[in-house]
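J.: Sharing a structure, written as structure tokens. Questions coming.
Protein chains: 2
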Amino acid sequence: MSRPQPASQHTVRRHNSALVLDAITTHPGSSRAAVSARTGLTKATVSSLVDRMIAAGLVVEGEAQARSGPGRRGTALHPSPDGPHGLGVEIGVDYVATCLVDLTGRVRHRTLRASDNRTSSPARVLTKVATAIRNTLKRDVPIGGVGVAVPGLVETATGTLRVAPNLGWEEVDIRDELRARVALEVPVQVGNEANLAALAELWHGHGTQDFVHVSGEIGIGAGIVVAGALFDGVRGFGGEIGHLQVDPNGPPCTCGSRGCLERLAGQDEILKSAGCPTFDDLLKALRAGDPSATTAVSEAAKWLATALSGAVNLLDLPTVVLGGTYARLAPWLTTTLETTLRERVLGARWSPTTVLTSTLGAEAAVRGAATTAVRAILADPDPYITAAQS
Amino acid sequence: MSRPQPASQHTVRRHNSALVLDAITTHPGSSRAAVSARTGLTKATVSSLVDRMIAAGLVVEGEAQARSGPGRRGTALHPSPDGPHGLGVEIGVDYVATCLVDLTGRVRHRTLRASDNRTSSPARVLTKVATAIRNTLKRDVPIGGVGVAVPGLVETATGTLRVAPNLGWEEVDIRDELRARVALEVPVQVGNEANLAALAELWHGHGTQDFVHVSGEIGIGAGIVVAGALFDGVRGFGGEIGHLQVDPNGPPCTCGSRGCLERLAGQDEILKSAGCPTFDDLLKALRAGDPSATTAVSEAAKWLATALSGAVNLLDLPTVVLGGTYARLAPWLTTTLETTLRERVLGARWSPTTVLTSTLGAEAAVRGAATTAVRAILADPDPYITAAQS
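From first to last, the protein sequence lines stand for chains E and H. The numbering used here puts the first residue of the first sequence at 1, with every later residue one more than the last. The numbering used here puts the first residue of the second sequence at 391, with every later residue one more than the last.
And the structure:
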């Protein structure tokens, strides 16, 4: 007969460490007494755990606080900005980006390098990515985990990239491939870039808890956040708004279908219609009121509005957040989107959909990847504590 | 200063009653001892609650069970088929339906009456509905709650029907209107018919926990079920698949948009294209291989496939369930749907979407409404117990 086992002392300590570190991270500047009050753990337990976290470089002690009651004067505790960092890496369709985030959530370093990853083999691109990781490791900050953002379907259960249509990749085990190229002794998590960008918006953006975040690059992806949690479907393949068919007579898509949103409102299509070689040229032309640039973006706005109206009709989310290059195009997109959402969403009259612009810029996905790694450290700091002791 | 209060004895009894009745309903035939083991309540508490439930007509005692251990021989407990029933009512676009479900979940009675509700005022339709309810009340079974299914947006927070485009209704407080016409001293819940049909599928259907249930009538609605729970968005307006624009050049829709799925794959459109006056004529024509009937349904299948591919790309659900008239058309729809879902859903190669046919027939929504009322009784049986004692 199986009976529930009592939690081992180690399990309890592990759980308590996460509780204490969470209290310090969400309320930086708390004293040991405040952490004790917040967690319900005794002051002795908190003090012992905090001392170990200070020794492990996870927590730093700041100035002494004003005495607010009897007993020893408390000192302010903060997550250590020199503790383990999360390293985010993004394999874009035409760039490779990295981002270092410390335990306080601050971005400490980032790089973005143009790289036409469509014309290279996965092996060559991954070698470039490994070099970018190696360069970051040279900065000599402790890395506690790596998050990798990719523009394709990543299966939650296995972490495998199943397909990235815009890269032309299929069945690539990014984690293994990277580990074969660079010594990484920390956890490596792989995720879909649109989902990670939506998480970055949730953690560092406008503070809304229910939204669809849509980012336009060469591909178009969405991340759906419901009640403060990512909704990515049973296999993690959700949010593929780029492959909604918006025009049955539209051009063929890399996915095998035709008239997908991506083919009608993706960055490449907009630039081509506008006759602009680069995105900066497009912005310049838009600001100058150039008619073909304006028409190209209006046309894209129309298709994007169709797809977003469909998503909101299905999901009843109160907010749409424009990310990636759509954030930069927001001044020329928002009116069309708001008008169409008002006209086509059945419930719009009782609560119209708000269109917000992400302030996170092109780095949303890579920042989301890095922060995911940081949150994994915070959720289970025990290995760092144990490693520091041995 | 506010402090958490200890639960009152009444609150505890209320909670325990629900626990005990749930154990009896999910495991009919259990003995008092088995209920005690399952709930963790003492045998004395269980016995006292069960005795009160028997007195209140919620539970019946069956045959004595084989002795399985020391002590008094247990008797089998069942939810009472003569206890309070849930009464479901559906206001369809062209019919009014009722359904009585007992505590065991069995359908005890049902009616379906054709009624072109589009050509009548809400007041006249609601008077008809009140008559249907009154006729059911004449059957002299105890009613514990009423669920009303309507083809429109129902706001979760207020229970108000905001809009029903196919009825031409706006801002109708169904609950108040019904209460003004018929004496109903039990809770009345109003819900969207597509969501209630999806819940009926969850409770009485194929046993899948993650699916989109799409039902085609004059309107087309979907209910999204994720991890065994209805996902209907922040205001309850989700699942409006009928208003996804699938053809930008399509005909205008009652919602104010154009090219909505509903206008291209709704029942009226199919009948018109097929040249069939009734749905039974259409089925006859399809079975006979009539080319215009076959073409009409193929065309509808194409548009339905577009909308469902979009929904699955966004939500990554493994299963589509065809309900309502789509269930009757399933032999002529399924191949197109499966093929298109395979071609257009980006993750389909790793786990193709299964297309199932609902076995609940036209009564899914009204049964869902009735079962919702039954589940409300089971979730809080205390008022019935108290009423029986006074």
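Positions of the beta carbon are idealized from the N, C-alpha and C atoms, including for glycine. It should be emphasised that the depicted structure is a prediction, and the values quoted were computed from it without experimental measurement.
Scan the segment 627-638 of chain H for residues whose Cβ lies nearer than 8 Å to a Cβ of chain B and list them as they occur along the chain.
T.: No chain B is present in this structure, whose protein chains are E and H.
J.: For the putative contact between valine 766 (chain H) and glycine 595 (chain H), defined by C-beta atoms under 8 Å, what is the C-beta separation to the nearest angstrom?
T.: Taking the second sequence and counting its residues from 1, one reaches residue 766 (chain H) at position 376. Taking the second sequence and counting its residues from 1, one reaches residue 595 (chain H) at position 205. Reading the sequence as shown, one finds alanine at residue 766 (chain H) and not valine. Wrong, their Cβ atoms sit about 20 Å apart, outside the cutoff.
J.: Would you say valine 402 (chain H) and arginine 422 (chain H) are within 9 Å of each other, going by their C-beta atoms?
T.: One-based indexing of the second sequence puts residue 402 (chain H) at position 12. One-based indexing of the second sequence puts residue 422 (chain H) at position 32. Result no, Cβ atoms of valine 402 (chain H) and arginine 422 (chain H) do not sit closer than 9 Å.
J.: With 8 Å as the C-beta to C-beta threshold (strictly closer), list the residues of the segment 522-556 of chain H near chain E in chain order.
T.: Answer set for the segment 522-556 of chain H: Leu543, Glu545, Arg552, Val553 and Pro555.
J.: What residues are listed by DSSP as bridge partners for glutamine 189 (chain E)?
T.: As a position in the first sequence, residue 189 (chain E) is number 189, starting the count at 1. In DSSP, glutamine 189 (chain E) forms a bridge with E:Gly147.
J.: Thinking just about the alpha-carbon of each residue, which of H:Arg524, H:Asn556 and H:Leu592 is nearest to the one in alanine 373 (chain H)?
T.: Outside the shown range of chain H (391 to 780) lies residue 373 (chain H), about which nothing can therefore be said.
J.: Tell me which residues share the same chain as alanine 330 (chain E) and place their Cβ nearer than 7 Å to its Cβ, disregarding the 5 neighbours each side in the sequence.
T.: The sequence position of residue 330 (chain E) within the first sequence is 330, counting from 1. If we look at alanine 330 (chain E) and ignore the five residues flanking it on each side, its Cβ neighbours are Leu322 and Thr357.
J.: Using 10 angstroms around the beta-carbon of threonine 400 (chain H), count the other beta-carbons present and answer buried if the total reaches 16, otherwise exposed.
T.: Residue numbering aside, residue 400 (chain H) sits at position 10 when the second sequence is read from its first letter. The residue asked about is misnamed: residue 400 (chain H) is histidine in this sequence, not threonine. With fewer than 16 other Cβ atoms within 10 Å, it is exposed.
J.: Would you report the Cα separation of threonine 156 (chain E) and leucine 704 (chain H), rounded to the nearest angstrom?
T.: Within the first sequence, the letter at position 156 stands for residue 156 (chain E). Within the second sequence, the letter at position 314 stands for residue 704 (chain H). Answer to the nearest angstrom: the Cα atoms are 16 Å apart.
J.: My understanding is that alanine 587 (chain H) touches alanine 701 (chain H), with C-beta atoms under 8 Å, so please give their C-beta distance in whole angstroms.
T.: Taking the second sequence and counting its residues from 1, one reaches residue 587 (chain H) at position 197. Taking the second sequence and counting its residues from 1, one reaches residue 701 (chain H) at position 311. So it is not a contact: roughly 16 Å between Cβ atoms.
J.: What do you reckon, are the CB atoms on isoleucine 218 (chain E) and valine 93 (chain E) nearer than 9 Å?
T.: As a first step, residue 218 (chain E) must be located in the first sequence, where it is residue number 218. As a first step, residue 93 (chain E) must be located in the first sequence, where it is residue number 93. Contact flag set, yes.
J.: Could you list the residues in the segment 334-358 of chain E with a C-beta less than 7 Å from some C-beta on chain H, going in chain order?
T.: Within the segment 334-358 of chain E, the residues whose Cβ lies closer than 7 Å to some Cβ of chain H are Glu343, Arg344, Leu346, Gly347, Trp350 and Ser351, listed in chain order.
J.: Note down, in chain order, all residues in the segment 287-315 of chain E with a beta-carbon under 9 Å from any beta-carbon belonging to chain H.
T.: Correct list: Lys302, Trp303, Thr306, Ala307, Ser309, Gly310, Ala311, Val312, Asn313, Leu314 and Leu315.
J.: Can you name the residues of chain H whose CB is closer than 7 Å to the CB of glycine 233 (chain E)?
T.: As a working note, residue 233 (chain E) is residue 233 in the first sequence. Simply Leu705, Asp706 and Leu707.
J.: What separation, rounded to the nearest whole angstrom, lies between the Cα atoms of cysteine 643 (chain H) and aspartate 706 (chain H)?
T.: For the purposes of this step, residue 643 (chain H) is taken as residue 253 along the second sequence, with counting starting at 1. For the purposes of this step, residue 706 (chain H) is taken as residue 316 along the second sequence, with counting starting at 1. Each residue's Cα considered, the two are about 28 Å apart.
J.: For glycine 700 (chain H), report the span of its alpha helix (DSSP H) as first-last.
T.: What you label residue 700 (chain H) is simply residue 310 of the second sequence in a count that begins at 1. Taken as a continuous stretch (DSSP letters only), the alpha helix (DSSP H) holding glycine 700 (chain H) covers 681-705.
J.: With a threshold of 16 other CB atoms inside 10 Å of the CB of aspartate 637 (chain H), please say whether the residue is buried or exposed.
T.: Position 247 of the second sequence, counted from the start, is the residue given in the question as residue 637 (chain H). Classification of aspartate 637 (chain H): buried, given that the 10 Å Cβ count is 16 or more.
J.: Could you check how far apart the C-beta atoms of alanine 697 (chain H) and serine 663 (chain H) are, in whole angstroms? I think they sit under 8 Å.
T.: The sequence position of residue 697 (chain H) within the second sequence is 307, counting from 1. The sequence position of residue 663 (chain H) within the second sequence is 273, counting from 1. About 18 Å separates the two Cβ atoms, so there is no contact after all.
J.: Take alanine 504 (chain H) as the anchor and find which of H:Arg734, H:Val519 and H:Ser426 has the nearest alpha-carbon.
T.: Within the second sequence, residue 504 (chain H) is the residue found at index 114, counting from 1. Comparing Cα positions, the closest option is H:Val519.
J.: If you draw a straight line from the C-alpha of aspartate 563 (chain H) to the C-alpha of leucine 574 (chain H), how long is it?
T.: Locating residue 563 (chain H) in the second sequence gives position 173, counting from the first residue. Locating residue 574 (chain H) in the second sequence gives position 184, counting from the first residue. Aspartate 563 (chain H) and leucine 574 (chain H): Cα-Cα distance of roughly 15 Å.
J.: Answer with yes or no whether the minimum CB distance from serine 257 (chain E) to chain H is below 9 Å.
T.: Working through the first sequence from its first residue, we reach residue 257 (chain E) at position 257. Answer yes: the Cβ-Cβ gap between serine 257 (chain E) and chain H drops below 9 Å somewhere.
J.: Of all Cβ atoms in chain H, is any one closer than 9 Å to the Cβ of alanine 376 (chain E)?
T.: What you label residue 376 (chain E) is simply residue 376 of the first sequence in a count that begins at 1. Taking Cβ atoms only, chain H never reaches closer than 9 Å to alanine 376 (chain E), which makes this a no.
J.: If you count every other CB in all the chains shown that lies within 10 Å of the CB of histidine 417 (chain H), and 16 or more means buried, which is it?
T.: Taking the first residue of the second sequence as 1, we reach residue 417 (chain H) at position 27. Flag for histidine 417 (chain H) reads exposed.
J.: Which same chain residues end up closer than 6 Å to serine 36 (chain E) when comparing Cβ atoms and leaving out the 5 residues on each side of it in sequence?
T.: For this step, residue 36 (chain E) is matched to residue 36 along the first sequence. So the list reads Lys43 and Val46, once near-sequence residues are dropped.
J.: How big is the Cα-Cα spacing for leucine 493 (chain H) and tyrosine 384 (chain E)?
T.: Position 103 of the second sequence, counting from 1, holds the residue named residue 493 (chain H). Position 384 of the first sequence, counting from 1, holds the residue named residue 384 (chain E). Straight-line Cα distance between these residues: approximately 55 Å.
J.: Just confirm the distance between the C-beta atoms of leucine 768 (chain H) and threonine 526 (chain H), as a whole number of angstroms; I'd bet it's less than 8 Å.
T.: In the second sequence, residue 768 (chain H) corresponds to position 378, counting from 1. In the second sequence, residue 526 (chain H) corresponds to position 136, counting from 1. Not confirmed; about 20 Å, so no contact.
J.: In terms of residue numbering, what span does the alpha helix (DSSP H) encompassing phenylalanine 669 (chain H) cover?
T.: Mapped onto the second sequence, residue 669 (chain H) falls at position 279. It spans 669-677 - the alpha helix (DSSP H) in which phenylalanine 669 (chain H) sits, taken as one unbroken run.
J.: Just to confirm my understanding: we take proline 381 (chain E), look at its own chain, exclude 5 residues before and 5 after, and list those with CB closer than 8 Å. What are they?
T.: Numbered from 1 along the first sequence, position 381 holds the residue referred to as residue 381 (chain E). Only Ser17, Ala18, Leu21, Met53, Ala56 and Leu58 meet the Cβ criterion.
J.: Would proline 708 (chain H) and arginine 235 (chain E) qualify as a contact pair, given that the criterion is a beta-carbon distance under 9 Å?
T.: Position 318 of the second sequence, counted from the start, is the residue given in the question as residue 708 (chain H). Position 235 of the first sequence, counted from the start, is the residue given in the question as residue 235 (chain E). Cβ atoms of proline 708 (chain H) and arginine 235 (chain E): closer than 9 Å.
J.: What does the alpha-carbon distance come out to for the pair arginine 508 (chain H) and glutamate 689 (chain H)?
T.: Taking the second sequence and counting its residues from 1, one reaches residue 508 (chain H) at position 118. Taking the second sequence and counting its residues from 1, one reaches residue 689 (chain H) at position 299. Rounded to the nearest angstrom, the two C-alpha atoms are 26 Å apart.
J.: Would a check of beta-carbon distances place aspartate 600 (chain H) closer than 9 Å to chain E?
T.: In the second sequence, residue 600 (chain H) corresponds to position 210, counting from 1. Taking Cβ atoms only, chain E reaches closer than 9 Å to aspartate 600 (chain H), which makes this a yes.
J.: Are there 16 or more other CB atoms within 10 angstroms of the CB of alanine 539 (chain H), so buried, or fewer, so exposed?
T.: Residue mapping note: residue 539 (chain H) aligns to position 149 of the second sequence, counting from 1. Buried, because 16 or more other Cβ atoms sit within 10 Å of the Cβ of alanine 539 (chain H).
J.: Measure the alpha-carbon distance for serine 121 (chain E) versus alanine 617 (chain H) and round it to whole angstroms.
T.: Counting from 1 along the first sequence, the entry for residue 121 (chain E) is found at position 121. Counting from 1 along the second sequence, the entry for residue 617 (chain H) is found at position 227. Taking the straight line joining both Cα atoms gives about 38 Å.
J.: Looking at C-alpha atoms only, which residue of E:Trp303, E:His85 and E:Trp350 is the closest neighbour of proline 187 (chain E)?
T.: The sequence position of residue 187 (chain E) within the first sequence is 187, counting from 1. Answer by Cα proximity: E:His85.
J.: Since glutamate 90 (chain E) and alanine 76 (chain E) are thought to touch, with beta carbons under 8 Å apart, how far apart are those beta carbons, to the nearest angstrom?
T.: Sequence index remark: in the first sequence, residue 90 (chain E) carries index 90 (1-based). Sequence index remark: in the first sequence, residue 76 (chain E) carries index 76 (1-based). Not confirmed; about 35 Å, so no contact.
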